[in-house]
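Asker: Sharing a structure below in structure tokens format, with a few things to ask.
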Amino acid sequence: MTEPKARGDAWTEERGARNERTSDEGRRRLEGAPEASGRGSTPLLEVRDLTVHHGQLRALDRVSLRVFPGEVYAIIGANGAGKSTLLRTIVGLHRPTEGAIVYEGKDMTRVRPERRATGGIVMVPEGRRLFGSLTVEENLQIGATYARPGPWTIERVYELFGWMRERRTQRTEQLSGGEQQSVAIGRALVANPRVLLLDELSLGLAPIVVQRIYAMMSQILASGLTVLLVEQDVSQALRVASHLQCLLEGHTTLEGRPSDVTPEQVEAAYFGLAPGGNGGAGSPPVSRGGLGGIAPPGQAGSQPLWSGSTPSSRES
Amino acid sequence: MVWVNAIIQGILTGGLYALFACGLSLMFGVMKVVNLAHGDLAIIGAYIALGVITITHIPALWSFLIVVPIMAVLGYAMQRTLIQSSLDRGALTTLLVTFGLSVVIENALLQFLNADSHSLGAGSSIITKSFSIGSQIQIAYLLVLIFVVAVVVLLGLQYFLSASRYGRMIRAVADDREAAQMSGIDYRHVFGIAAAIAFGTVALGGIAYGMYSQFAPTTGTDTILLFAFAAVVIGGLGSLWGTLLGGVVLGVAQQIGAQINLSYEVLAGYLVFLAVLVLRPQGLTARKAQS
Amino acid sequence: MSVVTDSQARSEEKIRVTRSRRNVAWTGIGALVVVVVLALFPYIVYSGTTTIMVQAFIVLTLACMWNLLAGYAGLVSVGQQAFVGLGAYFVLILAINGIAPFAALPFAVVGSGVAALPMWWLVARLRSGYFAIATWVLAATVMLIIERFSSIGGGTGLPLPGFTGWDPTLLTAYTYWAGLAVTVVALASTYLLLRGRLGLVLTAIRDDEVAARSSGARVGLARMLVFVIAGAGCGAAGAVLAISQLQVQPAAVFSVQWTAIMAFAAIIGGLGTIEGPILGTIVYMVLQQTLQSYNAWYLIILGLVAIAVALFARRGLWGLIDDHLHIRLFPVGYWLWTPESTGRRGLGRRGPGGRGIGPRRGGKHG
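Residue numbers (this note's numbering), protein chains in the order written: chain A, 1 to 316; chain B, 1001 to 1291; chain C, 2001 to 2366.
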């Protein structure tokens, strides 16, 4: 397998050429970003020039990304940006018009969804999608049906979510939203994936619940998983992510590490606004509340939650 | 007292109808498809049993040991090929294909065998006899046996669905097919298992019917499919025991109708079905009204 | 037949919206010629042929109705035999009471249509598979109820009175013309209905029911209308059947075989196209005539072909022809012509049975 191009100017140019359709205003890249800063040399999961249609609508337009082992890769963007479509295509529920999905160096584009799951790509879908008529325990047992060998068992999931053991014989349709989300995560974990895909964890949940769930991330990651997550809650995403990509109407508008982007850049990428420079006089005023109170960790000086520290109280 | 006899007959007949209906209910619950050839499959089972009995001379009672596995395998094969292809193309296609299948099966049976009625007979053992309670109640042992078999099958099915690994997978796929795929389950295989169960149970029902009564190529639709469907609707979808209840209600309605006038038997059953359809479309056991 | 619309923003461009790719006024004339020729048949062919033609007319009318139900409204009914029987019995009852059978025909049509209303009320809320079997049960119920009345023949039926003293050749001719008239009216009214507002609503429902509802389309009303029309049409066919058989037997007129025949003819010819039933009827008649002595064979083959068509050639024989030759005898869609495309194929088609833009895999009923 060939070495991926070094992430220097050559790669930058190639990407720029490929994305000529992208508006220059929305496009921000890290010029001369250091090759990996710890990203490793072989991506675990790679998406190459993915184009996906819903009938006549083009949902994704030549989107590419690379996820390296151990990363928390966050994809953000507004509604309809194509984030969920991207995840669904990666797990195989949607067929791309063009492009490829490469996992562990092998082309997965033609592989059936269940084979991808048993191969280690497991998703916690948008809206939980639990088996409503099954109990909590049965949902976990289903997740474990074709599990790979690994550290996660049903017992360990019960330990992770303390309340679950007592309620394990309850049908999941009777649980609250946050509890269902926990069960959905547990169902994915017991399969012992290599890449865990999280689709809009925060959707429909109270902020405090979202926080608690994301707080579990550290324990999840400590077991050696790689996470690819989609979030509408940008501040939450920025807090947990080690790498970030922003989608707008099906194409990439921003990509890089959270510590290397400014709120203005994120905002511009998110909404597709005209660039205002970096905090110069011409830039639109970005208050702390500009995007729901983004406090990019780099700038605020705090560390991402998941680097082993316990969750601090919510910023702004 | 003669009414009590009618009711008892009806209850016992309900077991037979439940055997017909549970496969239909299972396939609809899991795959959301109504197999219009369902009744004809029972008749195929009966004809296969007839052939087996003629060749091997085993008692009719034991023919199911050979026929049910054959039909189960046939069910898995047909599901993975024909029915899955139809499902991939939509509910409309599935209905068209299964209806076409039903017509082809019936006419093929007519063509290659004949239009005569056959019976599997019950041999010469005790089950051909009946016992009496008082002077006006006469119950055939065979009918009781069929009822017991139906209950056993339903119990087995319920246990399978609730406690076994495949049963769990079937329930999961029925709830959310895509989520099951994301857990690594090949739903086409699970569909095949469900179809195998459906074909096997309905074949058992066909054998039971063949022993109790007579069957001909068109019995599959005239009697079995419509009765099975009526039992499912009356009892309520989504509940195995509801299927038994539906069968019992149907049987009782038919027998009471027969008491009034022998030719009202089938009509009475359908009228009760239509009444349930209007008044309580979700069936007698469903918890809430389904759209 | 073409509407020229100027795009308001750019007056120099012209976008034409036409009903069909070519000027098909000649199709209308051609159809007229065909009908006239057919009408002359009793004068030019033997009565054996006209009897076969009557059978064809019955099947064609039925196939047209089933196509309307399943191909356009998405309603798979396995109970249309109820209306065939009702139509026959309406004629019988009126004939018993002194009304000439041919005069009774219109009443049978109307009566069947009216009978469709309570039946629709019973099954309207049911979805595909449930709807199919429920209509089947309904049909069986109707037959069982009618069999209760010995005054109209009970379980064995009655011969059809009202033709005593008729010259057989004349009777055959009148039966033939009645069949021809029923078929022409059925096809013409189906075409006109689908070309109009109902057709648009049905296409909208077929593509996306929720969107159709929220756009104000009266989905339930459209479906009910289709069910009633199909009931009336099948009743008309049943009336012609009674007249051609000169007797009405419940097991024969209420047989589910009728649904099998009309369904197979509609499917093989092409569901969702108006021309389909014509082709399907031809296929049916050919098979039935050639394999008649082999009893059930023609139904077996018909069924197998229908299954194959449903799986692999979803739009049937006419769909295959249409895909290659782009002919529409009964155009109900629209072609969109822009300046770039003039002289070549139109950009796209929209309309019932048209290929239009949008997802087509199995339609919305899948």
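No residue lacks a Cβ here, since even glycine has one placed at the ideal position from N, Cα and C.
Treat the numbers as computed from the prediction; the structure is a model and nothing was measured.
Between C/G2319 and the rest of its own chain, which residues show a CB-CB distance below 6 Å, the 5 nearest in sequence each way excluded?
Answerer: In the third sequence, the residue the question calls residue 2319 of chain C occupies position 319. Closer than 6 Å at the Cβ level, and outside the excluded window around C/G2319, lie G2270.
Asker: Measuring straight from C-alpha to C-alpha, what distance separates B/L1075 and B/V1144?
Answerer: For this step, residue 1075 of chain B is matched to residue 75 along the second sequence. For this step, residue 1144 of chain B is matched to residue 144 along the second sequence. One detail in the question is off: residue 1075 of chain B reads as Gly in this sequence, not Leu. One C-alpha to the other measures close to 28 Å.
Asker: Can you tell me which of the three DSSP states A/R165 falls into?
Answerer: Here residue 165 of chain A refers to the residue found at position 165 when the first sequence is read from its first residue. Coil at A/R165, not helix or strand.
Asker: Determine the chain A residues that contact B/D1186 at a beta-carbon separation under 7 Å, and present them in chain order.
Answerer: Stepping through the second sequence from its first residue, residue 1186 of chain B is reached at position 186. Per Cβ cutoff of 7 Å: E114.
Asker: Would you say B/M1031 faces chain A, with C-beta separation under 7 Å as the test?
Answerer: For the purposes of this step, residue 1031 of chain B is identified with residue 31 of the second sequence, where counting begins at 1. Judged by the 7 Å Cβ criterion, B/M1031 is not in contact with chain A.
Asker: Mapping the DSSP letters down to three states, classify A/E200 as helix, strand or coil.
Answerer: Counted from its first residue, the first sequence places residue 200 of chain A at position 200. Correct three-state label for A/E200: coil.
Asker: From which residue to which residue does the beta strand (DSSP E) around A/H243 run?
Answerer: Working through the first sequence from its first residue, we reach residue 243 of chain A at position 243. Here the beta strand (DSSP E) through A/H243 covers H243 to L248.
Asker: Could you tell me which chain B residues have their CB closer than 7 Å to the CB of C/S2189, listed as they occur along the chain?
Answerer: Numbered from 1 along the third sequence, position 189 holds the residue referred to as residue 2189 of chain C. Those within 7 Å of C/S2189 in chain B number zero; the least Cβ separation is about 24 Å.
Asker: Measuring only between beta-carbons, confirm whether A/A295 sits less than 7 Å from chain B.
Answerer: For the purposes of this step, residue 295 of chain A is identified with residue 295 of the first sequence, where counting begins at 1. With a pLDDT of 43 at A/A295, under the threshold of 50, the modelled position of that residue is not reliable, and the figure given next carries that caveat. Answer no: the Cβ-Cβ gap between A/A295 and chain B never drops below 7 Å.
Asker: Among C/V2034, C/G2048 and C/L2060, which has the Cα closest to the Cα of C/G2280?
Answerer: As a first step, residue 2280 of chain C is located in the third sequence; it is residue number 280 there, counting from the start. Comparing Cα-Cα distances from C/G2280 to each of C/V2034, C/G2048 and C/L2060, the minimum goes to C/L2060.
Asker: DSSP puts A/L57 in a beta bridge; with which residues?
Answerer: Along the first sequence, one-based indexing puts residue 57 of chain A at 57. A/L57 pairs with A/H54.
Asker: Let's test the definition: count the other Cβ atoms within 10 Å of the Cβ of A/K83 and tell me whether it reaches 16, buried, or not, exposed.
Answerer: Taking the first residue of the first sequence as position 1, residue 83 of chain A is located at position 83. By the neighbour-count definition (other C-beta atoms within 10 Å, threshold 16), A/K83 is a buried residue.
Asker: Does the Cβ of C/S2128 have 16 or more other Cβ atoms within 10 Å, making it buried, or fewer, making it exposed?
Answerer: Position 128 of the third sequence, counting from 1, holds the residue named residue 2128 of chain C. Buried is the call here.
Asker: Out of B/V1033, B/P1069, B/E1106 and B/T1243, state which residue places its alpha-carbon closest to the alpha-carbon of C/A2296.
Answerer: As a working mapping, residue 2296 of chain C is identified with position 296 in the third sequence. It is B/E1106.
Asker: I'd like to know if B/Q1084 contacts chain A, where contact means its C-beta is closer than 7 Å to some C-beta of that chain.
Answerer: On the second sequence, position 84 is the one that residue 1084 of chain B refers to. Closer than 7 Å: no.
Asker: Can you tell me whether DSSP reads A/M108 as helix, strand or coil?
Answerer: If you number the first sequence from 1, residue 108 of chain A lands on position 108. Looking at A/M108 - three-state DSSP - the assignment turns out to be coil, as it is neither helix nor strand.
Asker: For chain A, is any of its Cβ atoms less than 7 Å away from the one on B/D1175?
Answerer: Start at 1 with the first residue of the second sequence, and residue 1175 of chain B comes out as number 175. With 7 Å as the cut-off, B/D1175 counts as an interface residue toward chain A.
Asker: So, for C/F2227: in the same chain, excluding its five sequence neighbours on each side, which residues have a beta-carbon less than 6 Å away from its beta-carbon?
Answerer: Here residue 2227 of chain C refers to the residue found at position 227 when the third sequence is read from its first residue. Hits under 6 Å: A2116 and W2120.
Asker: Measure the Cβ-Cβ separation of B/L1026 and B/A1194 and say whether it is below 7 Å.
Answerer: The residue you call residue 1026 of chain B lines up with position 26 of the second sequence. The residue you call residue 1194 of chain B lines up with position 194 of the second sequence. Yes. Within cutoff.
Asker: Using a C-beta to C-beta distance shorter than 7 Å, which residues of chain B count as neighbours of A/A191?
Answerer: As a position in the first sequence, residue 191 of chain A is number 191, starting the count at 1. S1183 and G1184, listed in chain order.
Asker: Does the Cβ-Cβ distance between B/G1247 and B/G1014 come in under 7 Å?
Answerer: If you number the second sequence from 1, residue 1247 of chain B lands on position 247. If you number the second sequence from 1, residue 1014 of chain B lands on position 14. Going by C-beta atoms, B/G1247 is nearer than 7 Å to B/G1014.
Asker: Indicate whether the contact test is met: 3 or more Cβ pairs, each with one atom in the stretch 65-81 of chain A and one in the stretch 44-52 of chain A, closer than 8 Å.
Answerer: For the pair of segments examined, the stretch 65-81 of chain A was found to touch the stretch 44-52 of chain A: the number of CB pairs separated by less than 8 Å reaches three.
Asker: I want to verify the contact list: residues of chain A whose CB lies under 8 Å from the CB of B/A1286, in sequence order.
Answerer: For the purposes of this step, residue 1286 of chain B is taken as the residue at position 286 of the second sequence. Ordered by position in chain A, no residue passes the 8 Å Cβ test against B/A1286, which lies about 13 Å from the chain.
Asker: Using a Cβ-Cβ cut-off of 8 Å (strictly less than) and excluding sequence neighbours within five positions of C/L2092, which residues of its own chain qualify?
Answerer: As a working mapping, residue 2092 of chain C is identified with position 92 in the third sequence. For C/L2092, where only same-chain residues beyond five positions count, the Cβ hits under 8 Å are I2152, G2153, L2158, L2160, A2242 and V2248.
Asker: Alpha carbon to alpha carbon, how far is C/R2197 from B/Y1166? Give it in angstroms, no decimals.
Answerer: Along the second sequence, read from residue 1 onward, the residue named residue 1166 of chain B stands at position 166. Along the third sequence, read from residue 1 onward, the residue named residue 2197 of chain C stands at position 197. Going from the Cα of B/Y1166 to the Cα of C/R2197 covers about 50 Å.
Asker: Answer with buried or exposed for B/L1279, where buried requires no fewer than 16 other C-beta atoms within 10 angstroms of its C-beta.
Answerer: Numbered from its first residue, the second sequence carries residue 1279 of chain B at position 279. In summary, B/L1279 is exposed, with fewer than 16 beta-carbon neighbours lying within 10 Å of its beta-carbon over all protein chains present.
Asker: Under 8 Å Cβ to Cβ from B/V1002, same chain only, skipping five residues before and after it: list those, please.
Answerer: Within the second sequence, numbered from 1, the residue matching residue 1002 of chain B stands at position 2. Result list for B/V1002: Q1136 and Q1259, in chain order.
Asker: Among the candidates C/V2109, C/S2077, C/V2054 and C/G2162, whose CA atom is the shortest distance from the CA of C/I2099?
Answerer: In the third sequence, counting from the first residue as 1, residue 2099 of chain C sits at position 99. Closest by alpha carbon: C/G2162.
Asker: Ends of the beta strand (DSSP E) at B/F1131?
Answerer: On the second sequence, residue 1131 of chain B is found 131 positions in, with the first residue counted as 1. S1130 to I1133 is the extent of the beta strand (DSSP E) around B/F1131.
Asker: Run through chain B and tell me which residues come within less than 7 Å of C/W2136, C-beta to C-beta.
Answerer: Looking up residue 2136 of chain C in the third sequence gives position 136. Listed by position along chain B, the residues whose Cβ is nearer than 7 Å to that of C/W2136 are L1226.
Asker: Using a Cβ-Cβ cut-off of 7 Å (strictly less than) and excluding sequence neighbours within five positions of C/M2047, which residues of its own chain qualify?
Answerer: The residue given as residue 2047 of chain C occupies position 47 in the third sequence. Sequence check: residue 2047 of chain C is Ser here, not Met. Contacts found: T2169 and T2172.
Asker: What residues in its chain sit with their C-beta under 8 Å from that of C/I2052, if we drop five residues either side in the sequence?
Answerer: Against the third sequence, residue 2052 of chain C aligns to sequence position 52. The answer, listed in chain order, is M2285 and Q2289.
Asker: DSSP three-state label for B/F1215, please.
Answerer: By 1-based counting over the second sequence, the position of residue 1215 of chain B is 215. Strand.
Asker: Could you tell me the distance, in whole angstroms, from the CA atom of B/Q1111 to the CA atom of B/G1121?
Answerer: As a position in the second sequence, residue 1111 of chain B is number 111, starting the count at 1. As a position in the second sequence, residue 1121 of chain B is number 121, starting the count at 1. Rounded to whole angstroms, B/Q1111 to B/G1121 spans 23 Å at the Cα level.
Asker: Taking 7 Å as the cut-off, decide whether the C-beta atoms of B/G1045 and B/A1203 are in contact.
Answerer: Within the second sequence, the letter at position 45 stands for residue 1045 of chain B. Within the second sequence, the letter at position 203 stands for residue 1203 of chain B. Yes, Cβ-Cβ distance for B/G1045 and B/A1203 is below 7 Å.
Asker: Using a cut-off of 9 Å between C-beta atoms, extract the partners of C/A2263 located in chain B.
Answerer: Position 263 of the third sequence holds residue 2263 of chain C. In chain order: L1096, F1099, G1100 and V1103.
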